[in-house]
Every structure is written in C-alpha cells, then in structure tokens.
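**Student:**
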Amino acid sequence: MEIIKYILLGIIQGLTEFLPVSSSGHLILLEKLGLAEPSIFFNLILHLASLGAVIIVMRKDMFEWIKRPLSREAKWIYLLSVPTVIIAFVFSLFFEDMLLGKFLPMGFLLTSFLLVLATINRHNGKELNYKNSLLTGVAQGIAVLPGVSRSGITIATMTALGIDKEKAVKLSFMMSVPIIIGGSIWEGIKGGFTQNINILYALSGALAAFLSGLLALKLMVKFFSKMSFMPFAIYTFILGALSFAVQ
C-alpha cells in the first residue's frame, strides 16, 4: 500500500535525522533506488515532525532557552547559525546540482572520515567560544550537502575542538532547532506550500518521523556519550560505496 511507503520514509527520516548518518542522504539514495519520490512538501512535513521531537526531548533546555534567550549558550547558538545560513544559501543559489545528489557518495565518505577522527579524538572539557562557535557553524553549513550528516559533522567538530561528547551531543540537537525552522521556511518558499499531496499519507509519515525521532533522540542523549562513533563510520562508508554504484 502507498501509505506504507510514506510511513517507512517517515521512520527513516526520524531515525537518520538525529543519528550521525545523514537523513537527506538516505532519502536521496532511496530515490535513486526507485524507492521514494521527491516531494518538497513531504520533506517539509517530515522536518517539522523532527522539530517536534527535538522540542519534546530537549524541553528542559528549550524552556531555559525561552526564559533566558540571551544566555551565554544561546548566544553561541545564534552566532554559529550565521555562517550556517550563509553557506547553505550560497550552495542553494550556485551549487544546486550538488544538493540534488551528485555529491552524495563523497558526502557519506566525508561523514565516515569525520566520525573516525571523532572516535580517536580526546576531549578536554572545553566550552563553546567565538572561535569554536564559528567553526561549528561552518561545519553545520557544509551539512547542507547530501550525505553529510548534520549531527555527525557538528559533534565531530566540537569534539575535535575539545568539547566533551555528551555536551557536544546536546548542543548539536539544540542548534538544530533554528536550522530546521529556517530550512522549513526556505523549502516552503521554494514551492513546498503549494504542492498537492494526500493529507493522510503526509500525516502518517509525519507521525512515524516524530515517533522514530523521539526514539533516536532519547537513545543518543542516553547512550551516545558512552558509545564509539566507529559503527556509524563503517555504516556511512558502506552507504558511500553503494552511492557510487548507483550514480
């Protein structure tokens, strides 16, 4: 049934949005394999469902953010969002072919390489500062490329800069909020709000993305600081090789 496909796409989006394996890369790879259809509106719905999952799991931090919008940590997130937005905007205007999947194999392999580096990197308890925030923002901007995991590249960058993995995971999820909101608005402007889609299918996919996103987030927050990045590095390497095969 068609609705099953939308539910499966929602599950894949929810899980891969927060695990360091690239949600956009998975969806594009499925399209190349003929298992998914490109739809800006459906992608928009899935991202909003993922946003809901972040807000639920990180609700305490979100509440603190609302109470203290100019706190030190909030300021770093605002700052790092600036290079992210600039880089994403430049790519969307001048390198659209790369966003459509031509970079997909290299994106997966880059993610794999960064996760290997993060696995062997030592952390020394540093905090975000101007330099670290800007570098993390640049890394997050690069994640606009298919196959490059946003959570993977930001967590790897922060741990390379000396930030503890547990804190890097939390910050990565917090910094995803303005980016998901901004990305959703941009997709809507590009035509997502005007596309026709079966509402039941869209809502089923969104619910699947929300629930699987909750699961992925809770697993990441609870266990990821104690886990090795290596299984994800191997997985994204395999996806990179598969992407080369279907190019």
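Residue numbering for the sequence shown follows the working numbering, starting at 4 and increasing by one per position.
Beta carbons: idealized from backbone N, C-alpha and C, even for Gly.
(1) For residue 84 versus residue 161, is the C-beta spacing smaller than 9 angstroms?
(2) With 16 other CB atoms within 10 Å as the buried threshold, where does residue 16 fall?
(3) DSSP three-state label for residue 75, please.
(4) Assign residue 64 to one of three DSSP states: helix, strand, or coil.
(5) Out of curiosity, what's the CA-to-CA distance linking residue 19 and residue 151?
(6) Within 10 Å of its beta-carbon, does residue 202 have 16 or more other beta-carbons around it, so buried, or fewer, so exposed?
(7) Within this structure, are the beta carbons of residue 23 and residue 155 separated by less than 9 angstroms?
(8) Use the C-beta contact count for residue 93: other C-beta atoms within 10 angstroms, 16 or more gives buried, fewer gives exposed.
(9) Are three or more beta carbon pairs between the segment 57–71 and the segment 129–147 nearer than 8 angstroms?
(10) Taking C-alpha atoms, which residue in 115, 246, 217, 184 lies nearest to residue 233?
(11) Would you tell me roughly how many angstroms separate the C-alpha atoms of residue 63 and residue 220, rounded to the nearest one?
(12) Return helix, strand or coil for residue 223, following the three-state DSSP convention.
(13) Does the beta-carbon distance from residue 110 to residue 25 come in below 9 angstroms?
(14) Quick check on the burial criterion: 16 or more other C-beta atoms within 10 angstroms. Buried or exposed for residue 226?
(15) If residue 32 and residue 107 are in contact, beta carbons under 8 angstroms, what's the gap, nearest whole angstrom?
(16) Beta-carbon within less than 7 angstroms of residue 120's beta-carbon, same chain only, minus the 5 sequence neighbours each way: which residues are those?
(17) Going straight from the alpha carbon of residue 52 to that of residue 215, what length do you get?
(18) Would you mind sorting residue 208 into buried or exposed? The rule is 16 or more other CB atoms within 10 Å of its CB.
(19) Would residue 172 and residue 88 qualify as a contact pair, given that the criterion is a beta-carbon distance under 9 angstroms?
(20) Could you check if residue 230 is buried or exposed, using at least 16 other CB atoms within 10 Å of its CB as the buried criterion?
**Tutor:** Answer, in terms of the structure:
(1) Reading the sequence shown from its first residue, position 81 is the one you call residue 84. Reading the sequence shown from its first residue, position 158 is the one you call residue 161. Taking the C-beta atoms as reference points, residue 161 is found no nearer than 9 angstroms to residue 84.
(2) Indexing the sequence shown from 1 puts residue 16 at position 13. Flag for residue 16 reads buried.
(3) Walking along the sequence shown from the start, residue 75 turns up at place 72. It is helical.
(4) The count along the sequence shown starts at 1 and reaches residue 64 at position 61. If DSSP states are grouped into helix, strand and coil, residue 64 belongs with the helices.
(5) In the sequence shown, residue 19 corresponds to position 16, counting from 1. In the sequence shown, residue 151 corresponds to position 148, counting from 1. Cα to Cα, the separation comes out at about 11 angstroms.
(6) Counting from 1 along the sequence shown, the entry for residue 202 is found at position 199. Residue 202 is exposed by the Cβ-count criterion.
(7) Stepping through the sequence shown from its first residue, residue 23 is reached at position 20. Stepping through the sequence shown from its first residue, residue 155 is reached at position 152. The Cβ atoms of residue 23 and residue 155 sit closer than 9 angstroms to each other.
(8) The residue you call residue 93 lines up with position 90 of the sequence shown. Exposed is the call here.
(9) Because the criterion of three Cβ pairs below 8 angstroms is not met, the segment 57–71 and the segment 129–147 do not touch.
(10) Start at 1 with the first residue of the sequence shown, and residue 233 comes out as number 230. For residue 233, the nearest C-alpha among the options comes from 115.
(11) As a first step, residue 63 is located in the sequence shown; it is residue number 60 there, counting from the start. As a first step, residue 220 is located in the sequence shown; it is residue number 217 there, counting from the start. Each residue's alpha carbon lies about 14 angstroms from the other.
(12) As a first step, residue 223 is located in the sequence shown; it is residue number 220 there, counting from the start. Residue 223 falls in the helix class under three-state DSSP.
(13) As a first step, residue 110 is located in the sequence shown; it is residue number 107 there, counting from the start. As a first step, residue 25 is located in the sequence shown; it is residue number 22 there, counting from the start. Taking a C-beta distance under 9 angstroms as the contact criterion, residue 110 and residue 25 qualify as a contact pair.
(14) In the sequence shown, counting from the first residue as 1, residue 226 sits at position 223. Residue 226 is exposed by the Cβ-count criterion.
(15) Taking the first residue of the sequence shown as position 1, residue 32 is located at position 29. Taking the first residue of the sequence shown as position 1, residue 107 is located at position 104. Contact flag correct, Cβ pair sits at about 7 angstroms.
(16) Here residue 120 is taken as the residue at index 117 of the sequence shown, counted from 1. Non-local beta-carbon contacts of residue 120 in its own chain, meaning distances under 7 angstroms to residues more than five positions away in sequence, involve 159, 163 in chain order.
(17) Numbered from 1 along the sequence shown, position 49 holds the residue referred to as residue 52. Numbered from 1 along the sequence shown, position 212 holds the residue referred to as residue 215. The straight-line gap separating the alpha-carbon atoms of residue 52 and residue 215 is approximately 10 angstroms.
(18) In the sequence shown, counting from the first residue as 1, residue 208 sits at position 205. Answer is buried; the Cβ neighbour count reaches 16.
(19) By 1-based counting over the sequence shown, the position of residue 172 is 169. By 1-based counting over the sequence shown, the position of residue 88 is 85. Cβ distance not < 9 angstroms, so residue 172 and residue 88 don't count as in contact.
(20) What you label residue 230 is simply residue 227 of the sequence shown in a count that begins at 1. Looking at its Cβ environment, which holds fewer than 16 other Cβ atoms inside 10 Å, residue 230 is exposed.
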